[in-house]
Amino acid sequence: MDEKLLELVDISKTFDTTEALRDINLYIRRNEFVTLLGPSGCGKTTILRIIGGFEQPTTGRVLFEGKDIASLPPYKRRVNTVFQRYALFPHMNVFENVAFGLAIKKIDPRTIERKVASILELVNLANYGERSIESLSGGQQQRVAIARALINEPEVLLLDEPLAALDLKLRKGMQIELKKMQQKLGITFVYVTHDQEEALTMSDTVVVMNDGVIQQMGTPEDIYNEPKNIFVADFIGESNIIDGIMIRDYLVEFSGRKFECVDTGFGENRYVDVVIRPEDIKIVKEGEGMLTGQVKSVIFKGVHYEMLVESQDYTWKIHNTLMEPIGKKVGLNILPDDIHIMTKGGEAHE
Amino acid sequence: MKKFLKRFYVFLIFLFLYAPIFVLIAYSFNSSRSRGAWGGFTLKWYRELFMDREILSALKYTIIIAVLSAVISTILGTAAAIGISQMRKFPRNIVMNISYLPVLNPDIITGVSLMILFIFANIKFGFKTMLIAHITFNTPYVILSVMPKLKQLDTHVYEAALDLGATPWYAFWKVILPQIMPGIVTGCLLAFTLSIDDFVISFFTTGVGVSNLSIAVFSMARRGVNPKINALSTLMFLSVLILLIIVNVRMSRDIKAKKQKEATLV
Chain A
1327 MDEKLLELVD
1337 ISKTFDTTEA
1347 LRDINLYIRR
1357 NEFVTLLGPS
1367 GCGKTTILRI
1377 IGGFEQPTTG
1387 RVLFEGKDIA
1397 SLPPYKRRVN
1407 TVFQRYALFP
1417 HMNVFENVAF
1427 GLAIKKIDPR
1437 TIERKVASIL
1447 ELVNLANYGE
1457 RSIESLSGGQ
1467 QQRVAIARAL
1477 INEPEVLLLD
1487 EPLAALDLKL
1497 RKGMQIELKK
1507 MQQKLGITFV
1517 YVTHDQEEAL
1527 TMSDTVVVMN
1537 DGVIQQMGTP
1547 EDIYNEPKNI
1557 FVADFIGESN
1567 IIDGIMIRDY
1577 LVEFSGRKFE
1587 CVDTGFGENR
1597 YVDVVIRPED
1607 IKIVKEGEGM
1617 LTGQVKSVIF
1627 KGVHYEMLVE
1637 SQDYTWKIHN
1647 TLMEPIGKKV
1657 GLNILPDDIH
1667 IMTKGGEAHE
Chain B
71 MKKFLKRFYV
81 FLIFLFLYAP
91 IFVLIAYSFN
101 SSRSRGAWGG
111 FTLKWYRELF
121 MDREILSALK
131 YTIIIAVLSA
141 VISTILGTAA
151 AIGISQMRKF
161 PRNIVMNISY
171 LPVLNPDIIT
181 GVSLMILFIF
191 ANIKFGFKTM
201 LIAHITFNTP
211 YVILSVMPKL
221 KQLDTHVYEA
231 ALDLGATPWY
241 AFWKVILPQI
251 MPGIVTGCLL
261 AFTLSIDDFV
271 ISFFTTGVGV
281 SNLSIAVFSM
291 ARRGVNPKIN
301 ALSTLMFLSV
311 LILLIIVNVR
321 MSRDIKAKKQ
331 KEATLV
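Line by line, the protein sequences are chains A and B.
Reading the first sequence from the start, the letters are residues 1327 to 1676 in the working numbering.
Reading the second sequence from the start, the letters are residues 71 to 336 in the working numbering.
Below is the structure:
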């Protein structure tokens, strides 16, 4: 599990004059599910295309099992891709699409038939072999694209926003199916998405990107609970971000009050950003909390209510399963562990 | 009443457009040599037509040149279209406009300029020069009919083929070519039709002893009244008409398919 299968070293990529990637260093272990997460234009698809061989990095090396493959064309790499809009061959039926990779390798027809049948079964499309691509729904086309890539038994499967075109319910179902498939087949997945929930649900490792730079890399829990900077805190889940002053280690001041916290190493009396998740703010009776505020709005979100509570200098976003009526004055409590400190515009300290 | 007038007007337009051709077709079956009088139905002009060695030789050249120029310009045009489609937007627009120019250029200018070029290059006028001329004016039409097909291609389809282990050449044959084939066939048919149809450019670029059907008709007409011209013109009109109907049906079917595809995507 700890073996580095694929490694990107000091990769940068420039298109004409725009810099798409800068100093990308990242490695992917065998059987890992890695997600590249970021807003559109952040460079995540470019990384995928460099791994697939469709783009050449401007500088840096791409190592596969320790060997540099940067100059290897796509058809010589043991990597397969599921494209965003599937890129199925419209003039071939489902069977021919899936068999395409095997037919190139000149494998005998009977073996091809057997393999195609078993992979179509894996993606729940048994008996769809003779169907034309046009006659399939979006979800079915999606699964043909996955089968077409998987049948070549790649070392790494690259998926470029494969679920973006599906509706919400189908997407949720496919997330679980993909994860199961990955565990069952033991194939390394590199998955690109802009959907933070998708990334947190499916991945072993999440790589958060913005403006062509890796912002943070880690397990979904790490990324969510310990965001390294304001961008990650804001992009992953929802956050309250407020100006504060780090008085000294373990003590921060914001909203006109001093709070205990767990952060150290910022120096004394420094301006900082304080990040607090909406679900980490507890509502108590007026006068019993660390802060006081008035409920300004309540929205029902399904599992919880989202409330905006206005205190003297900040409007807090709070998630709670219990509702407080609009206009009510409440107290707010925040535990030391739930306060995340970041230097202004920069990185958090470890 | 209004409806009647509308229809009558359309009828007049078609009458105006097609009357000369119908008169020509009718006279090709006229047993009298005179252009003024109807002497009864006959097929003798058609029979004589197929015994006239001059016309048979012209027919042979017409078909050989049409086939060769259609095939060669189809290959050239398809390769050019693929190259152009890979260009960046600005150079692509320039090259497309340059390719389009010969289509708009009057035939007589194309013909005369080719003639001057052949004189300049010291190439002997004859079969070769006429063939080169036909390839020249056919190629843009092939480009123009293949281009839309290339534009419809999903850009990732070629990459998907490479990704699955296909070499660029294999990907072209198995993935790109089958998808743009309808455009190639349409372009080829169009080129074939235009080649059969052409008079002006052929007239300026041919040499002694080599003439196609249009030139044969022209020289027969200059020599005086000969009802064989009517028969020959009728046959040429019908064959070109049939080819053009095929091309148009193919194109409109294509537009329909494209609209359907867009509708399903939305």
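Cβ atoms here follow ideal geometry from the backbone N, Cα and C, with glycine treated the same way.
Only a predicted model underlies this, so the values are computations on that prediction, with no experimental measurement involved.
Through-space distance from V317(B) to L84(B), alpha-carbon basis: The sequence given here places Phe at residue 84(B); Leu does not occur at that position. Answer to the nearest angstrom: the Cα atoms are 22 angstroms apart.
For L1483(A) and A1490(A), believed in contact at Cβ under 8 angstroms, the rounded distance: The pair is not a contact, with the Cβ atoms about 17 angstroms apart (cut-off 8 angstroms).
Under 8 angstroms between C-beta atoms of I1660(A) and F1561(A): I1660(A) places its beta carbon 8 angstroms or farther from that of F1561(A).
Close-in-space but distant-in-sequence residues of the same chain around E124(B) (CB under 7 angstroms, 5 per side omitted): Excluding sequence neighbours, E124(B) sits near A286.
Beta-carbon gap between M1572(A) and V1610(A) smaller than 8 angstroms: no
For E1487(A) and G1464(A), the rounded distance between their alpha carbons: 14 angstroms
Own chain partners of L184(B) with C-beta closer than 8 angstroms, once the 5 adjacent residues on each side are dropped: Sequence-distant Cβ neighbours of L184(B) in its own chain, meaning closer than 8 angstroms and more than five residues away, are T199, I202, A203, T206, I271, F274 and T275.
Interface flag, P255(B) vs chain A, CB-CB below 8 angstroms: Going by the sequence as given, residue 255(B) is Val instead of Pro. No, because no Cβ of chain A sits closer than 8 angstroms to the Cβ of V255(B).
Rounded straight-line distance, which links the Cα of G1386(A) to that of S1444(A): 40 angstroms
Inter-stretch contact at 8 angstroms, needing at least 3 Cβ pairs: the segment 279 to 294 of chain B / the segment 129 to 142 of chain B: yes
Nearest-angstrom Cβ-Cβ length linking K1622(A) and T1641(A), presumed shorter than 8 angstroms: 7 angstroms
Contact the segment 307 to 325 of chain B vs the segment 135 to 142 of chain B: 3+ CB pairs below 8 angstroms: no
Proximity of L1451(A) and Q1466(A) at Cβ, strictly below 8 angstroms: yes
V336(B) classed as buried or exposed, judged by whether at least 16 other C-beta atoms fall within 10 angstroms: Confidence at V336(B) is low in this model, with a pLDDT of 46, below 50, so its placement is unreliable and the value that follows should be read with caution. Answer is exposed; the Cβ neighbour count stays below 16.
Other residues of its chain near T304(B): CB distance less than 8 angstroms, five sequence neighbours each side excluded: L94, I95 and S98
Reduced DSSP category for R77(B) - H, G, I as helix; E, B as strand; rest coil: DSSP places R77(B) in the helix class (H, G or I) of the three-state scheme.
Pair within 8 angstroms by beta-carbon distance, M1535(A) and G1364(A): Yes, the pair counts as a contact, with Cβ atoms nearer than the cut-off.
Reference C1368(A), options V1539(A), M1418(A) and L1634(A), closest by Cα: V1539(A)
Beta carbon of I1354(A) nearer than 8 angstroms to that of V1516(A): Here I1354(A) is near V1516(A), since their CB atoms are less than 8 angstroms apart.
Residues that DSSP places opposite W1642(A) in a beta bridge: DSSP, once it has assigned bridges, lists V1635(A) as partnering W1642(A).
Closer than 7 angstroms at the beta carbon, the chain A residues around Y88(B): Proximity of chain A to Y88(B) at the Cβ level (cut-off 7 angstroms) is not reached, the minimal Cβ distance being about 40 angstroms.
Neighbour flag for L220(B) against chain A, beta carbons, 8 angstroms: no
Nearest-angstrom Cα separation, counted from L302(B) out to S289(B): Rounded to whole angstroms, S289(B) to L302(B) spans 13 angstroms at the Cα level.
Cα-Cα separation between G1657(A) and C1587(A), rounded to whole angstroms: 19 angstroms
DSSP three-state assignment for F1390(A), whether helix, strand or coil: strand
Which of helix, strand or coil DSSP assigns to I1540(A): Three-state result, I1540(A): strand.
CB contact check: Y116(B) to chain A, cutoff 8 angstroms: no
Cβ separation of V1442(A) and V1424(A), assumed to be a contact under 8 angstroms, to the nearest whole Å: Confirmed, Cβ separation roughly 5 angstroms.
In chain order, each beta strand (DSSP E) run of at least 3 residues that lies wholly inside the segment 1371 to 1442 of chain A: Complete beta strand (DSSP E) runs here, min 3: 1385 to 1390 and 1405 to 1408.
Interfacial residues, the segment 306 to 329 of chain B to chain A, with Cβ spacing under 7 angstroms: none
Neighbour flag for T148(B) against chain A, beta carbons, 8 angstroms: Not closer than 8 angstroms to any Cβ of chain A, the Cβ of T148(B) fails to qualify, so no.
Chain A contacts made by the segment 223 to 248 of chain B, where a contact means CB separation under 9 angstroms: For chain A, the residues of the segment 223 to 248 of chain B that bring a beta carbon within less than 9 angstroms of one of its beta carbons are D224, T225, H226, V227, Y228, E229, A230, A231, L232, D233, L234, G235, A236, T237, P238, Y240, A241, K244, V245 and P248, in chain order.
Endpoints, the beta strand (DSSP E) within which D1486(A) is located: For D1486(A), the enclosing beta strand (DSSP E) covers residues V1482 to D1486.
Sequence-distant residues of its chain with Cβ nearer than 8 angstroms to D1575(A) (five each side left out): D1589, T1590, G1591 and F1592
Span of the alpha helix (DSSP H) around T206(B): Annotation for T206(B): the continuous alpha helix (DSSP H) segment containing it runs F197 to Q222.
Rounded separation between E1552(A) and I1376(A) - CA only: 29 angstroms
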